[in-house]
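Participant: Residue numbers (the working numbering), protein chains in the order written: chain A, 34 to 135; chain B, 34 to 135. Before anything else, here's the structure in question.
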DNA sequence: ACATTATATAAGCGAATAAATATATAAATA
DNA sequence: TATTTATATATTTATTCGCTTATATAATGT
């Protein structure tokens, strides 16, 4: 319970979850959108993964992350209350940096 | 949203909320149950209050805290998933340290 | 007014956390 | 096999957090 809330008590991780609500993303796409270093993204994803809020799936050289959190009955409502990030995903696609292989 | 989750990402504060689910408590009662210093309890209560998860009410020399959190649609479910603390309250009463003035 | 009890705030210390830099692993491709 | 691209881990440093001790404020009672 503590680990779950720790995972969500960071601005960047809440933003990552809002982005994953739109669609699955790989690390390099998150680096592009969030404008932080790749190791920083990886460490955030590890925390979210340890808290069982995301799942990872490898596709070729990329690792895609998707929302999970099915074990927390309130997580769904938390996700709903996050602001929409569809605009940021749109900009990623417009910039031509969306990974297409998936 | 970050502040809300930070407030809940501590074992002691989750325990305090579980205790308040049973009934309103004042600081000195929490000190007795939790076996930590009075300033430590006050500091936890300030964080919970800043996150709008508890309300305070003065009654004579005591300050009683009660659950709030009405602005978070998921908080109710989080509370439900906390373990029952009624046994600890029962022990407090048995020890004669329950504040009765209220 | 003074002493007692309850609570809050401030300062300081050790532990946990976040982020950057450097390095390692893994897959794809020439 | 060597190189490039993507991701993970390790290390270091700076910040944050929780707790304690000390002090301040507030209410009660003598």
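In this text, a Cβ means the ideal position worked out from N, Cα and C, and glycines have one as well. Here the structure is a predicted model, which is why all the values come from computation and not from measurement.
Between the region 102-114 of chain B and chain A, which residues of the former have CB atoms less than 9 angstroms from a CB of the latter, in chain order?
Facilitator: 105, 106, 107, 108, 109, 110, 111, 113, 114
Participant: If you pair each beta-carbon of the region 88-104 of chain A with each one of the region 45-60 of chain B, do three or more pairs fall below 8 angstroms?
Facilitator: Contact between the region 88-104 of chain A and the region 45-60 of chain B is absent: fewer than three C-beta pairs spanning the two stretches fall below 8 angstroms.
Participant: Is residue 35 of chain A close to chain B, meaning its C-beta is less than 9 angstroms from at least one C-beta of that chain?
Facilitator: If you number the first chain from 1, residue 35 of chain A lands on position 2. By this cut-off, residue 35 of chain A is an interface position.
Participant: Taking 9 angstroms as the cut-off, decide whether the C-beta atoms of residue 60 of chain A and residue 75 of chain A are in contact.
Facilitator: The residue labelled residue 60 of chain A in the question sits at position 27 within the first chain. The residue labelled residue 75 of chain A in the question sits at position 42 within the first chain. For residue 60 of chain A and residue 75 of chain A, yes; Cβs fall inside 9 angstroms.
Participant: Taking the alpha-carbon positions, what's the residue 85 of chain B to residue 93 of chain A distance?
Facilitator: Counted from its first residue, the second chain places residue 85 of chain B at position 52. Counted from its first residue, the first chain places residue 93 of chain A at position 60. Roughly 46 angstroms separates the two Cα atoms.
Participant: Can you find the residues in the same chain that come closer than 8 angstroms, C-beta to C-beta, to residue 71 of chain A, ignoring five residues on each side of it along the sequence?
Facilitator: On the first chain, position 38 is the one that residue 71 of chain A refers to. If we look at residue 71 of chain A and ignore the five residues flanking it on each side, its Cβ neighbours are 60, 61, 64.
Participant: Can you list, in chain order, the residues of its chain whose CB lies under 8 angstroms from that of residue 113 of chain B, leaving out five sequence neighbours each side?
Facilitator: Stepping through the second chain from its first residue, residue 113 of chain B is reached at position 80. Same-chain partners within the cutoff: there are none.
Participant: Considering residue 176 of chain B, what are the terminal residues of the beta strand (DSSP E) in which it resides?
Facilitator: The question about residue 176 of chain B has no answer, for chain B in this structure spans 34 to 135.
Participant: Would you identify the three-state DSSP class for residue 74 of chain B, choosing helix, strand or coil?
Facilitator: In the second chain, counting from the first residue as 1, residue 74 of chain B sits at position 41. DSSP places residue 74 of chain B in helix when its eight states are reduced to three.
Participant: Determine the chain A residues that contact residue 38 of chain B at a beta-carbon separation under 7 angstroms, and present them in chain order.
Facilitator: The count along the second chain starts at 1 and reaches residue 38 of chain B at position 5. Near residue 38 of chain B (Cβ distances below 7 angstroms), the residues of chain A are 38, 41, 42.
Participant: From the beta carbon of residue 81 of chain A, is the nearest beta carbon of chain B less than 9 angstroms away?
Facilitator: For the purposes of this step, residue 81 of chain A is taken as the residue at position 48 of the first chain. Answer no: the Cβ-Cβ gap between residue 81 of chain A and chain B never drops below 9 angstroms.
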